[in-house]
Each structure stands twice: as C-alpha cells, then as structure tokens.
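Chains as they are written, first to last, in our numbering: chain A, 7 to 350; chain B, 7 to 350; chain C, 7 to 350; chain D, 7 to 350.
Shown next, in structure tokens, is the structure this report addresses.
4 protein chains.
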Amino acid sequence: MIKTAIVGATGYTGSELVRLLYNHPDVEIQMITSESRKGEPFSAVHPHFEGLVDHVLQPASAVLETELDMVFLALPHGVSMDYVKGYQSAKFNVVDLSGDFRLSSPEVYEAWYKKDHTHPKGFEDAVYGLPELHSAAIEKSSLVANPGCYPTSAILGLAPLIEAGWVDPAHVIVDSKSGITGAGIKAKPTTHYSNVSDNFKAYGLKSHRHTVEIQEQLSGLRPEPLQVQFTPHLLPVDRGILSTIYTTPIREEVSDQALRKLYEDFYADAPFVRLRKTPPTLKDVRSSNFCDIFTTYDERTNRIITLAAIDNLVKGAAGQAMQNMNLQFGLPETRGFVSLPLNP
Amino acid sequence: MIKTAIVGATGYTGSELVRLLYNHPDVEIQMITSESRKGEPFSAVHPHFEGLVDHVLQPASAVLETELDMVFLALPHGVSMDYVKGYQSAKFNVVDLSGDFRLSSPEVYEAWYKKDHTHPKGFEDAVYGLPELHSAAIEKSSLVANPGCYPTSAILGLAPLIEAGWVDPAHVIVDSKSGITGAGIKAKPTTHYSNVSDNFKAYGLKSHRHTVEIQEQLSGLRPEPLQVQFTPHLLPVDRGILSTIYTTPIREEVSDQALRKLYEDFYADAPFVRLRKTPPTLKDVRSSNFCDIFTTYDERTNRIITLAAIDNLVKGAAGQAMQNMNLQFGLPETRGFVSLPLNP
Amino acid sequence: MIKTAIVGATGYTGSELVRLLYNHPDVEIQMITSESRKGEPFSAVHPHFEGLVDHVLQPASAVLETELDMVFLALPHGVSMDYVKGYQSAKFNVVDLSGDFRLSSPEVYEAWYKKDHTHPKGFEDAVYGLPELHSAAIEKSSLVANPGCYPTSAILGLAPLIEAGWVDPAHVIVDSKSGITGAGIKAKPTTHYSNVSDNFKAYGLKSHRHTVEIQEQLSGLRPEPLQVQFTPHLLPVDRGILSTIYTTPIREEVSDQALRKLYEDFYADAPFVRLRKTPPTLKDVRSSNFCDIFTTYDERTNRIITLAAIDNLVKGAAGQAMQNMNLQFGLPETRGFVSLPLNP
Amino acid sequence: MIKTAIVGATGYTGSELVRLLYNHPDVEIQMITSESRKGEPFSAVHPHFEGLVDHVLQPASAVLETELDMVFLALPHGVSMDYVKGYQSAKFNVVDLSGDFRLSSPEVYEAWYKKDHTHPKGFEDAVYGLPELHSAAIEKSSLVANPGCYPTSAILGLAPLIEAGWVDPAHVIVDSKSGITGAGIKAKPTTHYSNVSDNFKAYGLKSHRHTVEIQEQLSGLRPEPLQVQFTPHLLPVDRGILSTIYTTPIREEVSDQALRKLYEDFYADAPFVRLRKTPPTLKDVRSSNFCDIFTTYDERTNRIITLAAIDNLVKGAAGQAMQNMNLQFGLPETRGFVSLPLNP
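Following this line, the structure appears as structure tokens:
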C-alpha cells in the first residue's frame, strides 16, 4: 500500500483527491492536513464525506513525523514552495498541485506570478506532470509539478499540431471557458452565485499566468518561436473547461482525415485522451479523467479549429495528480480510476 | 460473473445502470437493448461512454435467446409489464425499474396510473425493492419492483416514525422537490431549459401517483389508517430529491435525542442511510447511493420535521436496482458501489 | 416631483430600488448613499447602470442636509433603527426595508432578532407596509416598515383563509423556497456558486425570524390563537420565492370554486395580486411586482394547498417599497411600475 | 398611435416584442397572430402575461383585413418570405425578424440556408436593420430585415475597426457564446435542461449561416476582401451573447486610448452602444437593448481583443426591431424603451 498524505484539505483539489484516492486499491490515505481546521474531522469541512472519510485533520508538520510514501500538496500558489523546500531530504514522492514549480525558472515565475520564489532549487528537480508528454521523466521523478487546468486542455489540444510543425507557432489563439471551481472554494464577489449564474464573462485578458505555462510547454516541442493568445472566460457551471483553439496550417495538405491520423498517432498510448468524432461537451468528461478532443479543418478560411474538454478538478488537477502518482510508483496510468463521466 | 442485460438503453435510468454496473466486480454487461436505436453502439446514444461502453444495441427479443443471470428493465410505465409477462419461465432474476409492479394490486394500479394492467399475476410474484424495509423478501425474489424516486425519499424519511407509532398517521405531509431528470430524457416543454432554469414550480398537486405508493408502503408498517399529502416540485437541478416531511407526534416524550436514537436503531443495518447532524443538501448525495436523513422536533409547534435527500437516478433508481440485484445474488448490499458523492 | 434618497446603495435592494424608481414619472432620485463606497459613482458598484445612473455616492449624513420628500432605507437589520431615530423631526416620508420595525414591539424584536433595539418609539409610528392589508394606514403614515420577502408571500397566500375563519389557525404549514438574492450580496460560503448551483437545502428550521412576522400579521386578522410552521429552503435561482402552504378547513363546504371566490373578493382592489388558474412558476413574476396565487382543495385529505409566488427583490422588497411610497403620496399603487415579468 | 400587429406569437421573439411594445407610449398592440394557437388568449401561450395581455390570437390572414400601421414578423426562417410577398401592396411598415431578407441576394441565401427563396424581389426593398450602421436607410424603408443575434454582437464589435481599416480584414476570428433562447422555444434534445445545464459546447463549426451575414455587412464598410471565422457556443444561460473577437492591427500606432477614441467617435450617436472600461458580463445587458463593448490591445502578441455583449432577445431580436420601428416612424431610437438591465 502507498501510504499517502494530502496536505491542504479545505479546498476543492484536496476534497477531489480524497474522492479519487478513496477507491485506489493500492493507496491508503494515512493523513489529511489543514492548518485552519486541524482537529476537526475531514467530513466537517466536506460534509458529503460524512461516514466515508472522517480522518481528523492534522497540522502539516505531522507529515515529516510520519512514515509516508506519497504526499500531495493541495495548497495555494506561493505556499507550496516552502513545503517542497522542507521535504528535500524526505523519502516520499511529491506531487505539487500548485503553480510553484510548473515554469522553467524562478525568474519566469516571478515575472508572471508577481511573487518571490523561496526555493529556486526546486526547478531543477521538478518535472512537469503532463503524462501525455513527459511520462518517462515523471516515472523517475520524486517531485512532480502538476499542470494548471487551462494549460492541460490547451497543451493536449495543441501538442500534436505543434510537434509535427503543421501550424504557424507564432499565431495560436486559445479561447478557454472554465467552470467556477477553477476560482477556488473561497467566498468572494467573483464566486457569488448571482454573479456567476445565468451570466458569462471574459477575464484576465492578455495577462493570465497560464499563458506562459502553455507557451513554455509547447515551445519544448518545436524550435521555432511560439506565441499564444490565451483568453479565459468564466462559465456558470461547477466543473469543466472547454478550450476552442485556432491555428493556421503552414503545410500544403490538411484534411480532417489527416488531422485525425496525426492525433491518433500522437495519443496512441494515452489512455485518458479520447479523440471524438463530434464536438465534446463538458458533461462528456465531468467527474472523469478524460480529455476529449475534436479537431477539424476549415478549407474556406484555411484554419484548424480544435476543441479540448476536461474536468478541471480531475484531469485539470486531482485526477492528473493521481495519474502522476501511478507513474511515480510504476503502476499503470489508469490504476484506481473508477469515476466515469457523470452525465447528466 | 453475473451475466446481465439492460433492457431499454436510451433513457437516464438505462445509462445510469451502465455507469454503476461498469465497476461492479461480479457483473458482466452482456447485452443492452433498444428498439429505437438498435444496431447503433450504446455510446452513440450516450456519447460520454465513447470508448468505455460501445456495445451494439440489441432488440429486446434477444434477451430470451441469450444465457443471462440478470435483467434490468429500464422501460416506461405500461411497457415493462409485457416484458415481465414474457419472462415468466425465464431463469434470470429481474429488477423492474418502472412503476408496473410497485403497488398492491392491478386495481390500485389502474386507479392511479389510468391504464389497464396486462399481467395481474405479476403482483403476486413481485417484491417491493426497498432493501431497508424488505431485504429478506428481496433475497428470495426473482422479480423486484424497484421503488419510485419520490417514494424512496419519503418512505425512508418516515418509516421509523410510522413503525414506532410515534406520529399521527392520518396527518402526514410530504413536500418534495426533485431535479429535472425525474421527468425523463424526452424533450418536451416541461424539460426545456428555459422553463426549468432559474425557475421553480409545484406540479401534480393532489394526484401524483407516487402518493399511493408512499401510502401503501407506510401502511404496511402500522395498522392504523394512514394518509399522505404529497406535493412534488420541480427544481432547476439535474439530479436529486429533497423531501421535507411534516408529522405530529402523538406520544408524550419527543426530543432530538430520542428521534436520533429511533432512526439509528431502525437503520442500524442499512449501509446507505446516513443520519446527518445538519440538514443535508442535494450535492451531499449526488452520484452516490446514499439517502441522507435529518430529523428534528419543534417544541413550539409540537411537530417533527424530517428531511430526506437522495440522488433520484441512483438511490431513486439505478443504484437501488443494483442494491436489489446484490441481495438477489446473496452479495453484500454495498458490493460494487464505488461512486462517491460528487460535490461540487 | 418626489425628491428621493436611497440610503444604502451597495446591496440588492438598493440597486433594485434604483431600477424601479428610474422609470417612475413622479420621482427624482436626488441622492444615493453608501458609507463604504462614498465618492464613487453608483455605477462603479453596479456596473450594469453605467451611463444610466452615475450619481456620486454620498455619505448618509447628507440626507439631513438636503431637501427631500422621500427616503428609502436599504440597510441591514440593526442598522436602520438608528437612522429612523435620527429622522424623527424630518419632513420626508420613510420606507424602511429592514426588519427593524416590522414586529409588534421591541420585546418581540429582541426575542427573535437576538439584538437590542435602540429606538422603541419607532414601533408606535411604524405601519406594516403590506398594501393589500393596510393601505389606509400606509396612506397616513410617514414611517412604513416594508415587509420581509417570505412573509409577503406567506401572508398574501393565507390572509383570505384566515380572515374568513375557514381554516384551523393552529395548524398552518408554510414550506417556502427562495432564490439566493434573499441571502444578500455579500460573498460568504452560503452564497458561493458551487454551494448553490445544482443544489438545494432547507435552513433555519424552527427558528427563522420571519416566522413571527407571519404569525403576528395573520393573528391581526382573526382572534383565535394562530401558529405557523415555517420552513425556508434555498433554491439555485437568483430571484423568486414560492411558498407552498398547507391548511385544514374547519368549515363544511369547501371547493375550488368557493376558494376562488373567497380570494377574488379579498383581492378585488389589489392590482398586484393575480389569482392564477394553474400553479405559478417563479418566472411568471420575475422582475415584476406581482404576487401570483393558486389555491386548491384536496377532498381526499381535507386539506387546502395554496401556492404564492413573488420576486423577492420586487414584491418582496423594492417594488413593495415603491408601492408603499405611492400610497404615502396619494398616488395610484401601480404608478410608475413598468417592469413586466421577464420570462425567460 | 401606431396600430401594430405581431405575426407569430408562440416563440420567444413574439413574446419579447409584446413585453417591449407594452410600454411604448405610441404603440397600440392591435393584433397578435398564431396559426397553431388561434382562438386562445395570448396569455394561455405565455402565462406570465395573464391579466396583462390577453388578446385572442388571430389567424395571420387577419392582418390584411385590418387597418394597421406596423407589422412585426416573428416567424421562422423560410416562412417569413411568403408573408412579405403577400404584403407588397400593404400600407404598413414591416420589420421581419427572420433571416429571410438579411443577405445580399437569393443566391447567397440559398447557398447558406439550403432553401429556395420564394420572393427574390424582397431583397431589393429590404434594408438591413442595424441602426448603428444604416439608420438613414431604415428611416426610409418600409421593409426592414432585422439582424441575427450573433451578427449584431459581432458587427457592432468589429465595425469601427473594419471601417477605419485598422485591422487585417482577412483574419477575423469571432468566438461567440450564446444563451439557449437563441435555439428557440421548441422542445428538442438540444434544449433539454439536462443537456444544457452545467454544460457547454461548440456547435455549427465552419458552417453557421450567421457567418455570411457578418461577412457581408462588414464587407460593406471596406473594399478589401474580408473573411470571418465564426464559432458559436451554447451557454447554460437563458439570454445573452458574448462575442470574443480577435483581430490583428495593420497600422503602426495602436493603444487602448486610440481604440477607445475610435469607438467613441464611431458610436457617438448610438444611444444603445455602451463603451465599457472593463469586460462586460451578460447580466450587464440582460433585458435591455444595450450592446456593451470593451476593446483592448495586446502589445505582446500584436492583437486586438474586442468583447461585445447583448441580450439576444432584445438587442439581438425584439428590441432592435422596436428600435427599427422607431426609425421608420421618425421617432427617437430610444422611444419607449423602459426595460433596464436586470442584474441579478
């Protein structure tokens, strides 16, 4: 059994990790921590787990005093880095669900996150945890930086096109729409029901920090300079991201058949990527670890339109984290995943 | 392995059965049938199952030509009865998710369903499939009539009070609120998004046929005449029923503590009933087979208020059906249930 | 022109008053106040008014330094009372939208609101502003206590039955369901999108302070002791309250026809009460000042079921306040109301 | 008084016309027609108008037998054309809300609508009813083709940029998101609550017929060849369209200030266009005739992002139709508009 701790229990990623790990046959949830609610049962914070997961919440300091194989950090950006720093001599594997080690360097981090980084060395150790691109490195890594939710959908939607050099890397537009859980569990005007429900808006225009995460990962696939226009929007839904991606082919022959072949080859070994024949909806993937992709060529405009849908809390966070853990422990990527798409 | 067929694949109960049975370690989904879509893959009807469950849909007639252990009937009221009739000499167990054999007699059926019954003999064989009340009978039965969604919440909320004789059985009010999936997958004005969303209404006042189902089941617990006022409402949510139940105590000593003790004793062996310390929400049970119950005494008014929450597609339909199948095959009631509450 | 001030601009009732008064031909919005946002334009707080209502927000103290005919207090409970106290020698009329002067005495207030009352004398002056019951008194009053949202629906649904003595006043059940705007504009866990959306719950069981408001008003219609069981629920909708009301007739002859006649006579002069032939939905009244009522008799159970629907921000707050203002100034109740039901 | 008929009462545009015209001081709703519901009161079809608009529905043939000044055609595409043909010698003005006369010729119509056109001559008479571009022509026209909902948002968002020649007309991307009322009142799988709620999808990729409408109108502003990539999406909201528009500047100097100036000048006389300082939300315009626009320049990518929000049933349909009627009758464009943004 993989003795596992979840550090940070009060947010959505913490509770979603519990939901997924609960059914993993090789995992034992040894410890769940929370500074603000320590001493209370986990189910007091997330009452839907009453009778299922009633672990008493521990202070995070208990992690280092316990025999553990695996630690998930479900903490805010800027907080994780200190924990990772403290775990340098620990023997357990770590998946960090924050953005603290996703980028290429402390400098890039500080430019986009507007925050000092306290553990620059972590960038040397951390592997970007998108299994569809980096499974070999993840298998060998004890520190995985779990990707952002928007980047997961954008990168999976674009990787085959970029790597193959089919499209102009200087003109990539990612128009993404996300459910509100991406904004976190904290109550604030942005998450007030009446500001979200029956409503829709764009935000973070030009400056959202997932832009650089997408750019860096895609740039790793191809030498030419690459630039991404990324515009996030807020949907009146709980879960799910749909990215609508516009690219311009720079090769002669493009067709829906050729596109499909390209993606099929690229994702031949990716159990959680589903290539769809029709545009996916958010409910097609809700509660599951799937990324559903549809791509098509518009002859009239010479443009490729790609749609990528995920559940932001699963493939965009906790599910991907469990997938990474599976790789770290030499298990099949799909091990323990029993949550099928919930529709409706 | 229990070789299983699902008859009627196009509706929500059919698709939900597939979702739940998919992870049952002792079940093999041998066959899924649909008259209107036969020849197509199941995932053409429910695209979120693409790559997971692509069984080619069979005509229902194939059921009798196949070696099967278990048949779920996910058919409309008035249609199931003919199938049950046709299965009289079959060797498989049946759980019928329609209302055709839930009531006490063809006469009662015809009075409330306004429809002739073509298989009166079925009423002799059928057992009402609420495991919390009838597990022993279900274990021995090859024909289980799966309860209605509203009745499941109402009966589980009321059974301890009625059986113990604590409340006046002549004055029971059940004010229920249900998500729209209870109205079925068919597109009609009632299910049009803009008629449901940001909206709310009562319907079926005085005449909803679940009234008699609730009354009959509760009457079985206590000799005194019992009468239920049942008012259903339509919520702008996909899944879930919350019943708010008003009863008047007829014994001297009532208190929250005494109530809790009564319910705890009654449900001591019921793994899917959770007695909650605070009022449950629909998302506390969504996608799970739980019935969450909260009950409290109002001294000021001398009234007991009981809240019971279920997912109408799981504990109110497909989950309860799988629970019944487990009993029919001598398995633990909880066998194969891996879908935890999805919140948010 | 009625020179008008709105005290308290940041909440929903403040913004809704502006929306309604904007089109009133006899009203000039002279001043809008806010302590927390003073100096900013009103449209900075409520951007949908950009270009329409850009008044610079004033401190509340400016009210007494300005020539005004009318002041609406859109303030929280416990805050209004001090303003009313300060306005005792003012010449303008006041409608207070808080709960501070709705009840019969400071003692009752303190028992249910768990708060000291700083202006007991106000109870002598204040008139309960439900025009359908108290129009004559409102016309003569310079201090109107605008009713609560739940009480508006409950009292209008029950008043004809109680006044006529048709039902047992000791056994009245009001099962109410409200949209989230009733919980206010402030971000808190209760109003977080993901706690509300696709969800439903009961709250405030046995103890909601609107209980006593309903009881006191109905008790004024009939000498017999009256007791109300009131259970509020939270709907995943922005606006609207539907109350489902259960009463037991204590007279011999009851029928749907007789009920309709009773209500028609009672509301003959009430322009905003619509007696419906079918159960109303929330969208039938959304954005309008209507209270839609449906009532029916269930012979089987000898019970009357009454449904009453309002928009909690209009008839349950700002619209009713404007209706009261019309009465205070000798205008027709309907004067200035141009906002029709918005459906969908 | 303008004696007015609304032809086609059962859909959302018909009911929305009634809502808006009801408060127009110069309009008398003389007649409402419906073939399928004739003989019934309008409020039987749209119960929220009970007591407000109870006109008995007439057959459409009654239009030509009645003295009328104005006829609104709220009919499906392909049906309107025959009515317009039949009205050739009539004296009333017509605003056609269908797509039958929006395009430049029968040939274009037939190519994109896949339908024969029965009244080619109508294209000579019809004026495209976007008042912000064509007010002079609308004033003189007796046949106005009311724009599509998506085109209204897209064209208003793009017109200043295109007319000024600031951006590359060959590379325009319009990523639009619409509420479900755009799909009509008819119950079909697309409009089933559970397919829409908590969900999101793209549809009509590459082929939506609003593409050509946008292209043709923008092409009229500038000689260079213009091509639009238009991708519609379906939001889980009732009303509203937000278009996110990507263009590439082809002039040296672009800045947020310069963009604002360009738009301000272009829309100096447009009372319903609001230039916003922050990205608009759908609720900022809901129930109103506003088009809210936000535009910004991204130096990093050398791209302009423009957001345009409307209520698809008002500025995208019935409100724009009333605005056109005002122009046809020499009234101010804003005449009779009293419905402010409803938020929340």
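Where is the CB? At the ideal position from N, CA and C, for every residue including glycine.
Listed by chain order, chain D residues near B:Ile186 by CB distance under 9 Å: The answer, in chain order, is His198, Tyr199, Ser200 and Ser203.
C-alpha distance - B:His214 paired with C:Ala323, whole-angstrom precision: One Cα belongs to B:His214, the other to C:Ala323, and the distance between them is close to 34 Å.
Residues from the segment 78–107 of chain C in contact with chain A, defined by Cβ distance under 8 Å: Per Cβ criterion, the list is empty.
Inter-residue spacing [alpha-carbon to alpha-carbon] between C:Ser95 and D:Gln36: When rounded, the distance between both Cα atoms is 52 Å.
First through last residue of the beta strand (DSSP E) which encompasses D:Ser249: Start and end: Ile247 to Thr253.
C-beta contact flag for B:Gly190 and B:Asn318 at 7 Å: In terms of Cβ geometry, B:Gly190 and B:Asn318 do not form a close pair [threshold 7 Å].
Simplified DSSP assignment, three categories, for B:Arg280: Strand, per DSSP.
Residue-chain proximity (C:Leu281, chain B), Cβ-Cβ < 7 Å: Not an interface residue.
Any C-beta of chain D under 7 Å from that of B:Asp244: Answer yes: the Cβ-Cβ gap between B:Asp244 and chain D drops below 7 Å somewhere.
Residues sharing a beta bridge with D:Asn99, DSSP: Paired residue(s): D:Met76.
CB contact below 7 Å: D:Asn318 versus chain C: Contacts with chain C at 7 Å (Cβ-Cβ) do not include D:Asn318.
Assigned secondary structure, A:Met37 (DSSP; H/G/I helix, E/B strand, else coil): In the structure shown, A:Met37 adopts extended strand secondary structure according to DSSP, grouped into three states.
Closer than 8 Å at the beta carbon, the chain C residues around B:Lys207: Contacts between B:Lys207 and chain C, judged by CB atoms closer than 8 Å, involve Leu248, Pro285, Pro286, Thr287 and Leu288 in chain order.
Residue ranges of each beta strand (DSSP E) within the segment 207–278 of chain C, 3 or longer: Complete beta strand (DSSP E) runs here, min 3: 234–240 and 247–253.
Proximity test, Cβ basis, 7 Å: A:Ser49 and chain B: Among the residues facing chain B, A:Ser49 is not included, as its CB has no counterpart in that chain under 7 Å away.
Rounded separation between C:Glu258 and C:Thr158 - CA only: Near 29 Å, if we compare the C-alpha coordinates of C:Thr158 and C:Glu258.
Cutoff 7 Å: C:Ala132 Cβ touching any chain A Cβ: Chain A contact via Cβ: absent.
Bridge-paired residues (DSSP) for D:Gln64: Residue pairing of D:Gln64 in beta bridges, as defined by DSSP: D:Thr39.
Through-space distance from D:Thr340 to C:Asn99, alpha-carbon basis: CA-to-CA, the gap between C:Asn99 and D:Thr340 works out to about 33 Å.
B:Pro195: contacting residues in chain D (beta-carbon distance under 8 Å): Within chain D, the residues near B:Pro195 are Ala193.
Nearest-angstrom Cα separation, counted from A:Thr301 out to A:Lys212: For A:Lys212 and A:Thr301, the gap between their C-alpha atoms comes out near 25 Å.
Limits of the unbroken alpha helix (DSSP H) element including A:Val13: First-last for A:Val13: Ile8 to Val13, but that is the beta strand (DSSP E), not the alpha helix (DSSP H).
Straight-line gap, D:His123 to D:Val218 (C-alpha atoms, nearest Å): C-alpha separation (whole angstroms): 17 Å.
Within chain B, the residues that C:Gln235 reaches when beta carbons sit closer than 9 Å: The contacting residues are Tyr252, Asp304, Arg306, Thr307, Arg309 and Ile311.
Under the three-state DSSP convention, the category A:Arg309 falls into: Collapsing the DSSP output to three states places A:Arg309 in a strand.
C-beta neighbour in chain B for C:Leu211, strict 7 Å: For C:Leu211, the answer is yes, since a Cβ of chain B falls inside 7 Å of its Cβ.
Residues within the segment 51–75 of chain C neighbouring chain D, beta-carbon criterion of under 8 Å: Those residues of the segment 51–75 of chain C that come within reach of chain D (Cβ to Cβ, closer than 8 Å) are His52, Pro53, His54, Phe55, Glu56, Gly57 and Leu58.
Pairwise C-alpha distance: B:Arg280 and B:Leu346: Approximately 13 Å between the Cα atoms of the pair.
Residue interval of the beta strand (DSSP E) (run including D:Lys183): Its beta strand (DSSP E) spans residues Val178 to Ser184.
Interface residues of the segment 160–183 of chain C facing chain B [CB-CB below 7 Å]: Residues of the segment 160–183 of chain C with a C-beta less than 7 Å from any C-beta of chain B: Ile179, Asp181 and Lys183, listed in chain order.
Cβ-based neighbour list, C:Ala50, same chain, cut-off 8 Å, excluding 5 preceding and 5 following: Excluding residues within five positions, the ones whose Cβ falls inside 8 Å are Arg43.
Paired residues, beta bridge with D:Phe48 - DSSP: According to DSSP, D:Phe48 bridges with nothing at all.
Chain A contact residues for B:Tyr28, given Cβ-Cβ distances below 9 Å: Chain A residues near B:Tyr28: Val344 and Leu346.
Proximity below 7 Å, CB of C:Ile220 to CB of C:Gly163: The answer is no: Cβ separation not under 7 Å.
Closer than 7 Å at the beta carbon, the chain C residues around B:Pro6: One cannot answer for residue 6 of chain B here, as it falls past the ends of chain B, which runs 7 to 350.
Any 3 or more C-beta pairs closer than 8 Å across the segment 230–246 of chain B and the segment 288–303 of chain B: Yes, the segment 230–246 of chain B touches the segment 288–303 of chain B.
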